[in-house]
Amino acid sequence: MKTAVKAVSLLILIWFLAMPASGGELRVTGFIDNAIHVEGNTSDLDRDLTRNGDNVTVGDTRGQFFFNFIASDDLRGIFAMELDAAWGAPARNRLGSQCITAEQCGFRNAIDVNNFELKQLYVDFRIPQLPIGNRWRVG
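Per the working numbering, the sequence shown starts with residue 24, numbered consecutively.
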């Protein structure tokens with residue numbers, strides 16, 4: 024019995040050593056975008072263009088990051104997130120909108136209102152045993 028266990032253990036060890044190394048890969052891509060808006064005479068109640076006491080200087084930052092976990096050509100996982108921020112906005116609502124400040128409503132600055140957003144999260148795989156071309160996505 025001990026000889027059989029040793030033989031099976033040796034065969035399993037040889038099988039593991041003979042397997043090709045399966046190394047995964049992580050690719051991280053993305054961008055960080057900054058924009059500054061400088062505006063004058065932004066009040067909608069005052070049509071006097073010579074009055075420049077209502078200047079606004081605000082900024083926004085947006086970063087999108089993509090994490091690609093690649094095990095092989097047949098299996099990969101994708102995780103993408105976006106971080107948004109608006110800064111420099113005044114603490115009062117000058118324009119009469121329902122937001123706390125118009126600069127932080129999101130779409131005016133071409134950003135979303137949430138700071139953290141999950142953009143994509145899925146697993147992409149192919150079953151090579153099927154005779155037809157296929158690609159599956161779950162998530």
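For glycine and all other residues, C-beta sits at the position ideal for the given N, C-alpha and C. None of the values given here were measured: they were computed from a predicted structure.
Extent of the continuous beta strand (DSSP E) run through residue i
| i | result |
| --- | --- |
| I106 | It is Leu, not Ile, that sits at residue 106 in the sequence shown. Its beta strand (DSSP E) spans residues L98 to W110. |
| Q152 | Note, Q152: premise wrong, no beta strand (DSSP E); not H, not E. |
Which of helix, strand or coil DSSP assigns to residue i
| i | result |
| --- | --- |
| I93 | strand |
| I37 | helix |
| G82 | strand |
| R160 | strand |
Opposing strand residues paired with residue i [DSSP bridges]
| i | result |
| --- | --- |
| G53 | F88 |
| V28 | According to DSSP, which records beta bridges pairwise, V28 is partnered with nothing at all. |
Residue j beta carbon less than 7 Å from that of residue i
| i | j | result |
| --- | --- | --- |
| V61 | T84 | no |
| V146 | G100 | yes |
| E105 | E48 | no |
| F148 | L98 | yes |
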